[in-house]
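Colleague: Take this structure, written in structure tokens, and hold onto it; I'll ask about it next.
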Amino acid sequence: MKVSITVNGKTHESDVEPRTLLVHYIREVIGLTGTNVGCDTSSCGACTIHM
């Protein structure tokens with residue numbers, strides 16, 4: 019699936035698997051590792067992303 023996302027004023031486009039979580043896309047594709055993955059089940063809130 020092709021996605022386009024603008025983060026901090028810079029647009030990033032790439033093909034990703036439909037099941038890719040936004041937090042993983044930001045960390046792995048864009049390379050911004052400030053967002054952390056805690057429980058990996060959306061229960062603890064560690065991977066919250068402010069939009």
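The sequence shown begins at 19 in the numbering used here and counts up by one. Note that the Cβ used here is the ideal one computed from N, Cα and C, for glycine as well.
#1: Mind checking which residues open and close the beta strand (DSSP E) that includes residue 55?
#2: Beta carbon of residue 38, beta carbon of residue 44: below 7 Å?
#3: So who's on the other strand from residue 23, going by DSSP bridges?
#4: Please classify residue 42: does DSSP put it in a helix, a strand, or coil?
Modeller: Answer, in terms of the structure:
#1: Walking along the sequence shown from the start, residue 55 turns up at place 37. Note, residue 55: premise wrong, no beta strand (DSSP E); not H, not E.
#2: For this step, residue 38 is matched to residue 20 along the sequence shown. For this step, residue 44 is matched to residue 26 along the sequence shown. Contact: no.
#3: As a working note, residue 23 is residue 5 in the sequence shown. For residue 23, which the question treats as bridged, DSSP gives the partners 30.
#4: Counting from one through the sequence shown, the residue named residue 42 turns up at place 24. DSSP, reduced to helix, strand and coil, places residue 42 within a helical segment of the structure shown.
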